[in-house]
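In what follows, a structure is listed as structure tokens, so that the remarks can point back to it.
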Amino acid sequence: MKHYLRSSSVCQAIWVGCVLGGCAHWQTSNLEPKPFTAQIASKASDASSTPLQPEIASGLVRNTDVITQNTAVASANPLASKAGLEILQAGGSAVDAAIAVQMVLGLVEPQSSGIGGGAFLLHTKGAGPTRRIQAFDGRETAPAGADESLFLNAQGQPLPFFEAVVGGRSVGTPGVLKMLAMAHQQHGKLPWARLFEPAIHLAKNGFAISPRLHASLLADAYLKLDPSARAYFYQADGVPHPIGYVLRNPELADVMQRIAKEGVNAFYKGDVAQAIVEKVQQHPKNPGRLRLQDLAQYQAKEREALCFDHAVRANVFEICGFPPPSSGAIAIGQILGLLQYAPNALKAPVQGELNADWLHDYAQASRLAFADRAQYVADPDFVEMPAGNWRSLLDPAYLKLRAQLMGPTSLKQTPAGIPLRAQKSVYAPMSDQAEFGTSHISIADAYGNALAMTTTIENAFGARQMVYGFLLNNELTDFSFVPQDSQGRLVANRVQANKRPRSSMSPTLVFDKASGELLMSAGSPGGEMIIHFTAKTLIGVLHWGMTPQQAIDLPNFGALGAPMVVEEKRFSAGTLQSLRARGAEVRELALTSGIQAIVKQPMVGHSNNWISGTDPRREGVVLGQ
């Protein structure tokens, strides 16, 4: 397996060692990374534009598989993983640990998630036929005052993407806290207040700015426009504080203390809620429609996990993901199902090089899956499911018919299919549009519980609006900016009051079909590419017998529509030429994933052994006992 290192890896390694080992002081003068160029699109509705990445590339590090016996915490930041392990060691559950991890992530990785955003949490309890799988939905909602014109200008044209993002217009009602409270009520073992202690301590006493946070601050053009954010993240001259600078956040510490003591109403009602609403409504250039009633009336939801069978040789797995408003489980299930009919489905990489024939088949399957995604998937409280069930899109007979479209040349125009027993959709397909996100957490506890949770404020630094030390999301830009097509057909994922925008977040749990034993928890950030990053990891582990770290380390790739995107400098010229010879448009990008994966790995004398990996493209670590 090849590893590609960049200059920031040295800095990152030193920083990780310090945060976990308790370094008090270290010099950063020679360790600051060079600034990276952020990828920016002019229009969200430009179907021909290169897919945006949620966050900049900030280098690769060498990671190795981590083996633990009973518990595992995988997150995007060492301090967050450390907080989760502390909670598990104190007797906490996986949900308890996830709450602690989330609170720390919102502090130390504020560009990706926080209490001003939302999340999907997939949880399993028990084993075998009696296990219980639950999907907790903390997705943000559109304000009651929002409508389908939200992202249109006076001429009825879609706003340029960042004109829509920056300010109050894009802010949805945050849902992560109410969702975590719901999950804790059912599965928590430690007191609610205890779970906030690691983050409160760090917020009060300070934490060292990481290489990735520093690089993200350098690359962002909008965050410093907000006075509160500028005062917190930047020096007087507008330059970000350097790597290793101890950042303290007493405002956020105070808010978390109140939430810990009073519960989530300390966030959804009172002066915190008032401050959020004022920030949104009073933005000088781009005000939004969020109201106090939206916050007070927000409800997290428990949904039925979307599970499907997946056979690999003699093994049958049950793969469970998140249902709509997430598109992740459907798209991943379709890709895996379509590949079953591809001639090169089981061609494994050789010395880390992915087979061009297999990549072609994968891209074909992806285009078919994303066509269905654009046509059908939206908030199930607002749209009808095809044939009355989302599983109609995963029906093996339907996928076998769709697979007939996969040929030797690259698909260009790929219309949606019509599932068996379904009527032709009345909706227009959603045009390609920028989509961002996030951070992922995978945890297994000592009680037989495990979870996969993907959490987000959408774009890096969200709407670039800071309130009481936390950032607000820009989640509403996950809706279609264009509400209808030229024929007047409405888009399923258009803006509507109180609606949840479609997401690509793909928290995933994998079980042995026969025994019901949990085998794997995985997920990733990455906007629409989340689907591909997660699918790649599942294929690597389940199809090719890789360890989670080996699967995560594989080059990233995917197709959202006609163009195929591949991770830059990770594919040979011969492979790229072979894809282009089949008619594919291939673009090389810095595909910055952030995959976490924990896999059950029985070993002699250790019945509950976990082997885990984290993405070398970010700063995550796995900790456990």
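Heads up: the sequence shown is residues 69 to 693, going by our numbering.
Each residue gets a CB set at the ideal place from its N, CA and C atoms; glycine is no exception.
How about residue i and residue j: are their beta carbons less than 8 Å apart?
i: glycine 629; j: serine 478; result: no
i: leucine 647; j: asparagine 624; result: no
i: proline 487; j: proline 448; result: no
i: tryptophan 678; j: alanine 158; result: no
i: valine 239; j: asparagine 541; result: yes
i: leucine 539; j: glycine 184; result: yes
i: valine 559; j: serine 548; result: yes
i: phenylalanine 264; j: leucine 315; result: no
i: proline 497; j: glutamine 443; result: yes
i: isoleucine 599; j: glycine 396; result: yes
i: serine 661; j: proline 593; result: yes
i: threonine 506; j: serine 180; result: yes
i: alanine 261; j: lysine 329; result: yes
i: alanine 694; j: glutamine 202; result: There is simply no residue 694 to check, as the chain begins at 69 and stops at 693 in what is shown.
i: phenylalanine 229; j: alanine 528; result: no
i: histidine 309; j: isoleucine 277; result: yes
i: threonine 524; j: glycine 186; result: yes
To the nearest angstrom, how far is the alpha carbon of residue i from that of residue j?
i: histidine 282; j: proline 464; result: 47 Å
i: asparagine 273; j: tyrosine 409; result: 56 Å
i: arginine 655; j: lysine 337; result: 47 Å
i: glutamine 254; j: tryptophan 426; result: 43 Å
i: phenylalanine 325; j: proline 318; result: The question names phenylalanine, but residue 325 is glutamine in the sequence shown. Spanning the two alpha carbons is a distance of roughly 10 Å.
i: serine 680; j: asparagine 131; result: 10 Å
i: tryptophan 612; j: valine 578; result: 15 Å
i: tyrosine 430; j: proline 411; result: 11 Å
i: isoleucine 511; j: leucine 363; result: 29 Å
i: glutamate 346; j: lysine 353; result: 14 Å
i: glutamine 669; j: leucine 320; result: 39 Å
i: leucine 587; j: aspartate 580; result: 7 Å
i: threonine 482; j: glycine 475; result: 13 Å
i: glutamate 231; j: aspartate 377; result: 43 Å
i: glycine 224; j: alanine 162; result: 47 Å
i: valine 244; j: asparagine 457; result: 27 Å
i: leucine 360; j: methionine 247; result: 19 Å
i: alanine 289; j: leucine 173; result: 22 Å
i: alanine 368; j: serine 640; result: 46 Å
i: leucine 407; j: valine 445; result: 21 Å
Assign residue i to buried or exposed, taking buried as 16 or more other Cβ atoms, counted over all protein chains shown, within 10 Å of its Cβ.
i: arginine 357; result: buried
i: glycine 556; result: exposed
i: glutamate 687; result: buried
i: aspartate 339; result: exposed
i: asparagine 145; result: buried
i: alanine 649; result: exposed
i: valine 307; result: exposed
i: proline 295; result: exposed
i: glutamine 695; result: Residue 695 cannot be examined here, being either before or after the span of the chain that is shown, 69 to 693.
i: glutamine 491; result: exposed
Quick check on this structure: which residue in the options has the alpha carbon closest to the alpha carbon of residue i?
i: isoleucine 666; options: Arg562, Val689, Phe230 and Arg685; result: Val689
i: leucine 190; options: Phe390, Ala368, Ala142 and Val314; result: Phe390
i: threonine 192; options: Gln481, Pro242, Ala251 and Pro318; result: Ala251
i: aspartate 683; options: Ala142, Glu319 and Leu227; result: Ala142
i: methionine 597; options: Ser217, Ile400 and Gly331; result: Ile400
i: glycine 530; options: Lys604, Pro616, Leu544 and Arg280; result: Leu544
i: leucine 644; options: Ala271, His351, Glu421 and Ala289; result: Glu421
i: glutamine 564; options: Gln350, Asp215 and Tyr302; result: Asp215
i: alanine 148; options: Glu653, Arg371 and His269; result: His269
i: phenylalanine 438; options: Pro631, Ser554, Pro295 and Leu610; result: Pro631
i: lysine 567; options: Phe204, Val176, Ala195 and Thr209; result: Thr209
i: valine 332; options: Arg459, Gly595, Leu691 and Ile167; result: Ile167
i: phenylalanine 219; options: Gln349, Gln367, Val233 and Gly206; result: Val233
i: histidine 428; options: Pro178, Val634, Leu153 and Glu154; result: Val634
Where does residue i fall in DSSP's three states?
i: lysine 369; result: strand
i: valine 535; result: strand
i: alanine 560; result: coil
i: isoleucine 403; result: helix
i: asparagine 517; result: coil
i: glycine 420; result: coil
i: tryptophan 426; result: helix
i: methionine 597; result: helix
i: alanine 251; result: helix
i: isoleucine 311; result: coil
i: serine 161; result: coil
i: glutamine 432; result: helix
i: arginine 470; result: helix
i: glycine 642; result: helix
Taking only beta-carbon atoms, is residue i less than 8 Å away from chain D?
i: phenylalanine 538; result: The chain labelled as chain D is not found in the depicted structure, where only one protein chain is given.
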